[in-house]
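So in the numbering used here, the last one in the sequence shown is 330, and the numbering has no gaps at all. Where is the CB? At the ideal position from N, CA and C, for every residue including glycine. The structure appears below as structure tokens.
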Amino acid sequence: MSAPLMEVRELSKVYRPSGLWSRSRVNAVRDLSLTVEPAQIVALVGESGSGKTTAGRMLARLVRPTSGAVDFEGRPAGQHPDPAVQMIFQDVFGSLNPAHPVGHHLRRAIVRSPHSGDVQQTVYDLLGSVGLRPAERFAKKYSHELSGGQRQRVGIARALAPQPRLVIADEPVSMLDMSVRVDILNLLAGLRDQRGVALLYITHDLVSARYLADRITVMFSGYGVESAPATALLDEPLHPYTRLLLASVPGSHTTITGPAASQQAPTSEGCPFAARCPLAMAKCVTGMPPVTTLPGDRWVRCHAVTP
């Protein structure tokens, strides 16, 4: 069996404030493990503050992990960004220099990676591949002259310029109108179907995760709490947090029953979801549950779920 394209083991990121008298710290990501297979789409799902964006930036080597290991194509990932791993940002407008046209941004990405052929023609080919035609006209446009959907297409074209094998897309449709979201999701799916590129799709939206992903990993308070093939996880969620996320989707029939949520705040070693969880037990407050591997290529981190 071939190695995963990317394998993440117990990845953590701790931010320590630099103030002289500050002793607080923020555990942004804690013991996160996941794998991305070649040409697979994995969704990393969680509410705001769950740590999913920090995780994506660590995997793109834009943020240095505090601990843990990341292997890419069977080898330890380096400390610097790898052209084979590219990132699409949520705020594409902020990532494009308004003083330069679209073609400038793509040319920079092309010349900084191994390439052959005419650079300008490659710019036109990239713009055409993401639906920005005529490419010659869009190459001359500035970011303020583009719609949100067009700017996101430029972001995707820029990520494709180094011919990556993995693209990390951080909330790529959350700032877009509903009318263009499906078009961008279909474009992202085409990276896998037409180019064989794997995708780590970071989102808070389970609806788009269901539409796009082969596999879903759910995060809460920095931890990965559940992971399974997308259909299995959404049809039969096991972790109480996943079930609450699904219950909040309009039209969902997912429910969660149990005793009232604990009013006791968990200790630093306890499950961070315990205070909100209808299934919380005494040991949830004092001890973080281990990862339990289950049949069907899935795992869950919850005291209330047994094999």
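Subject >> For Ser231, the three-state DSSP class (helix, strand or coil) >> reply: Looking at Ser231 - three-state DSSP - the assignment turns out to be helix.
**OP:** Would you check if the region 25–38 and the region 54–72 touch, i.e. whether three or more CB-CB distances between them fall below 8 Å?
**Re:** Contact between the region 54–72 and the region 25–38 is present, because at least three Cβ pairs lie under 8 Å.
Original post:
Are there 16 or more other CB atoms within 10 angstroms of the CB of Val108, so buried, or fewer, so exposed?
Top reply: When all chains shown are included, Val108 counts as buried.
**OP:** Look up Asn209 in the DSSP assignment and say whether it is helix, strand or coil.
**Re:** helix
**OP:** Look up Thr254 in the DSSP assignment and say whether it is helix, strand or coil.
**Re:** Reduced to three states, the DSSP call for Thr254 is helix.
Original post:
Of all the options Arg87, Gly79, Ile111, Ser202, which has the alpha carbon lying nearest to the alpha carbon of Gln102?
Top reply: Relative to the Cα of Gln102, the nearest Cα in the group Arg87, Gly79, Ile111, Ser202 belongs to Arg87.
**OP:** Classify Ser202 as helix, strand or coil using the three-state DSSP reduction.
**Re:** helix
Original post:
By a C-beta neighbour count over all protein chains shown, 10 Å radius and 16 as the cutoff for buried, is His123 buried or exposed?
Top reply: exposed
**OP:** Give every residue of the same chain whose Cβ lies closer than 7 Å to the Cβ of Ala284, excluding the five residues on either side of it in the sequence, and list them in chain order.
**Re:** Confidence in Ala284 is poor, its pLDDT being 47 and thus under 50, which makes the residue's placement unreliable; the coordinate value appears in the next sentence. Contacts found: Ala298, Arg299, Cys300, Pro301, Ala303.
Subject >> Own chain, CB closer than 6 Å to Gly219, minus 5 neighbours either side, in chain order >> reply: Ala62
Subject >> Residue(s) in a DSSP beta bridge with Asp193 >> reply: Ile225
**OP:** Confirm, please, whether the CB-CB distance from Leu223 to Val323 is below 8 Å.
**Re:** no
Original post:
For Phe116, which residues from the same chain have a beta carbon less than 7 Å from its beta carbon, with the 5 sequence-adjacent residues on both sides left out?
Top reply: Ser166, Arg174
**OP:** Per DSSP, which residues does Ala92 bridge with? Please list them.
**Re:** Arg32
Original post:
Would you say Arg53 and Ser71 are within 8 Å of each other, going by their C-beta atoms?
Top reply: The answer is no: Cβ separation not under 8 Å.
Original post:
Which one or two residues does DSSP pair with Pro99 in a beta bridge?
Top reply: Asp94
Subject >> Residue nearest to Arg176 in terms of C-alpha spacing, selected from Val125, Arg215, Pro185, Ser231 >> reply: Val125
Original post:
Whose CA, out of Leu214, Ala180, Arg98, Ile207, lies closest to the CA of Ser197?
Top reply: Ile207
**OP:** Please go through the same chain and pick out, in chain order, the residues whose beta-carbon is closer than 8 Å to the beta-carbon of Pro187, but skip the five residues on each side of it.
**Re:** Pro106, Ala107, Val108, Gln109, Val220
Subject >> Selected residue, minimal CA-CA separation from Arg215, among Glu33, Val190, Arg204, Pro185 >> reply: Of the residues Glu33, Val190, Arg204, Pro185, the one whose Cα lies closest to the Cα of Arg215 is Val190.
**OP:** Tell whether a beta-carbon distance below 8 Å holds between Ala192 and Leu211.
**Re:** A contact, by the Cβ cut-off of 8 Å.
Subject >> Cβ neighbour criterion (16 or more within 10 Å) applied to Tyr147 >> reply: buried
**OP:** Could you name each continuous beta strand (DSSP E) segment of 3 residues or more that falls completely within the region 127–201, going from the start of the chain to the end?
**Re:** The qualifying runs are 189–193.
Subject >> Run of the beta strand (DSSP E) containing Val323, from where it starts to where it stops >> reply: 321–323
Original post:
What is the C-beta distance between Leu150 and Ala180, in whole angstroms, given that I count them as a contact (C-beta under 8 Å)?
Top reply: 6 Å
Original post:
When you compare only the Cα positions, how much space is there between Leu269 and Pro295?
Top reply: C-alpha separation (whole angstroms): 19 Å.
Original post:
On the three-state DSSP scale, how would you describe Ala66?
Top reply: strand
Subject >> Cβ neighbours of Lys163 in the same chain (closer than 7 Å, five flanking residues each side left out) >> reply: Pro124, Gly126
Original post:
Can you give the Cα-Cα distance for Gly97 and Leu82, rounded to whole angstroms?
Top reply: Their backbone Cα atoms lie some 15 Å apart in a straight line.
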